[in-house]
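Undergrad: First the structure, which I've put down as structure tokens, then a few questions once you've had a look.
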Amino acid sequence: MRVRHAFLFAAAVLSLPAFFAQVAVPSGAPAVHDIRPGPGVTATKMLSAYAPRLANTPGDTTVYVLEGQEPGATVFVAGGTHGNEIAGIMAAIVLVEHARVRKGRLIVVPHANNSAITDVDPERPGPPFITLTTASGERRFRYGSRRTRLDQQGAPDPKIYRHPNPKADETLPGTEARNLNRAYPGAAGGTLTERMAFGIMQLLTAEQVSVAFDFHEAGPESRLAWMVVANPKNLATAAAALFDLEAQGLVMKLERSSETFRGLSHREWGDATKAQAYLFETPSPSMVNDTTGVDFVNDPKLPLSKRVGGQLATFAAVLEAYNRDAPPASRVALLDLPAMTVVEKAGVGAFLR
Ligand SMILES: [Zn+2]
């Protein structure tokens with residue numbers, strides 16, 4: 005009891021609201037998606053297995069595990085951190101439906117923010133679904149918003165959002181409190197966005213993830229387009245991967261995580277866990293201020309196939325660079341990752357069931 009009192013006293017003095025406030029998050033069933041596990045999937049579970057206070061909330065989401073026969077490193081992929089960045093979501097779904105693992109383990113969360121995927125982005129409205137042609141016919145995949153739904157967050161937006169990390173120097177609009185990629189490491193009983201972030205951090209730790217990826221998209225004219233952002237501890241591995249990619253004809257830029265822009269996956273995953281942490285950005289024609297007339301799938305310059313191919317090629321290149329430095333027991337070998345040009349030519353649907 006004495007320890008507990010001391011703890012509460014320290015909490016009151018330090019005022020750590022993110023960790024001790026218990027936000028009442030609306031309950032509800034998580035959104036269900038048409039994802040058809042492929043030959044590599046050995047188990048599925050919910051993210052709430054790692055963070056019980058996410059259970060029965062719209063932020064809970066499916067976790068797909070692809071376990072190889074040979075032991076090796078565990079790799080984690082998040083798609084759908086932002087529900088309107090569909091190349092990231094579809095690249096993650098291709099891994100679930102098409103990839104196999106020979107050595108090590110792959111864990112995929114295609115809809116990291118499963119609340120955002122059910123909303124329409126007020127700034128860049130899109131269709132509720134995109135439609136892709138696959139071997140089994142036309143299939144629909146949800147198209148969502150950048151942020152957690154306001155009515156599911158459990159708290160109103162603050163006037164401004166400041167990350168609780170003392171090193172943070174960014175002052176953001178209050179809506180960014182609902183941006184999963186500003187919320188890490190999150191809080192067990194916080195807002196819905198903080199609970200999702202906390203769940204992913206818990207997964208990374210519990211599963212001893214060695215390499216972690218967060219798949220995003222940016223505006224075609226954005227500085228971030230065709231970018232890899234890497235935690236400083238794995239910057240050299242990222243640079244080696246980009247060198248290999250350039251030889252394959254894909255030029256990606258490289259940036260290191262900021263010390264003072266906090267709450268982002270590549271920064272907080274890499275700092276708080278043993279995982280190397282990477283974020284990818286492909287350019288999306290729909291990430292513009294006026295989305296009228298934009299073809300979300302078959303844009304002539306930036307078709308979804310090219311962007312998904314780019315995500316998967318960069319993923320494969322980073323894993324190859326990681327393997328070169330890893331001891332044999334800690335390597336990973338994935339099978340059936342299609343090359344960028346192959347995805348571009350065949351279309352994303354060719355790699356879905
Ligand atoms: Zn994003």
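In terms of this note's numbering, the sequence shown opens at residue 5 and continues consecutively.
We put the CB at the ideal spot given by N, CA and C, even for glycine.
#1: Taking only heavy atoms of ligand 1 into account, decide whether any of them is closer than 6 angstroms to the Cβ of H86.
#2: Apply the 10 Å Cβ neighbour rule to V352 and answer buried if 16 or more other Cβ atoms are within range, or exposed otherwise.
#3: Would you decide whether A343 is buried or exposed? Buried here means 16 or more other CB atoms lie within 10 Å of its CB.
#4: Starting from the C-beta of Y326, find all residues in its chain whose C-beta is less than 7 angstroms away, skip the five residues before and the five after it, and write them out in chain order.
#5: With distance defined between alpha-carbon atoms, name the residue in P307, A354, G193, V336 nearest to P30.
#6: Thinking C-beta only, is A82 closer than 7 angstroms to K113?
#7: Between the C-alpha atoms of Y188 and E272, what's the straight-line distance to the nearest angstrom?
#8: Is E225 near ligand 1, going by C-beta to nearest heavy atom under 6 angstroms?
#9: Strictly by DSSP, which residues pair up with H220?
#10: Is E272 near ligand 1, in the sense that its beta carbon is under 6 angstroms from a heavy atom of that ligand?
#11: Does L356 come out as helix, strand or coil in the three-state DSSP assignment?
#12: In the structure shown, what three-state DSSP assignment does A276 receive?
#13: From D248, E211, Q252, A276, pick the residue whose C-alpha is nearest to that of T236; which is it?
#14: Mind checking whether the beta-carbon of E263 lies closer than 6 angstroms to any heavy atom of ligand 1?
#15: When DSSP labels each residue in this structure, what does A330 get in the three-state scheme?
#16: I'd like to confirm the pairing. Which residues does DSSP put opposite K257 in its beta bridges?
#17: Comparing the CB of H115 with every heavy atom of ligand 1, is any distance shorter than 6 angstroms?
#18: Taking 6 angstroms as the cut-off, does the CB of E180 come closer than this to any heavy atom belonging to ligand 1?
TA: According to the data block:
#1: At a threshold of 6 angstroms, H86 counts as near ligand 1, since its beta carbon sits closer than that to one of the ligand's heavy atoms.
#2: Within a 10 Å sphere around the beta-carbon of V352 sit 16 or more other beta-carbons, which makes this residue buried.
#3: Exposed: under 16 other Cβ atoms inside 10 Å.
#4: Excluding positions up to five away in sequence, the list reads V215, T241, Q280.
#5: Relative to P30, the option among P307, A354, G193, V336 whose CA is nearest is G193.
#6: For the sequence presented, residue 113 should be read as Val rather than Lys. In this structure, the beta-carbon distance from V113 to A82 falls below 7 angstroms.
#7: Between the C-alpha atoms of Y188 and E272 there is a straight-line separation of about 6 angstroms.
#8: Checking every heavy atom of ligand 1 against the Cβ of E225, none is found closer than 6 angstroms.
#9: For H220, which the question treats as bridged, DSSP gives the partners E285.
#10: Look at E272: its beta carbon is at least 6 angstroms from all of the heavy atoms in ligand 1.
#11: Looking at L356 - three-state DSSP - the assignment turns out to be coil, as it is neither helix nor strand.
#12: It is helical.
#13: It is worth fixing the name first, because residue 236 is Pro in this sequence and not Thr. The shortest Cα separation from P236 among D248, E211, Q252, A276 belongs to A276.
#14: The answer is no for E263.
#15: Correct three-state label for A330: coil.
#16: M231.
#17: H115 Cβ: outside cutoff for every heavy atom of ligand 1.
#18: In this structure, the C-beta of E180 stays at least 6 angstroms away from each heavy atom of ligand 1.
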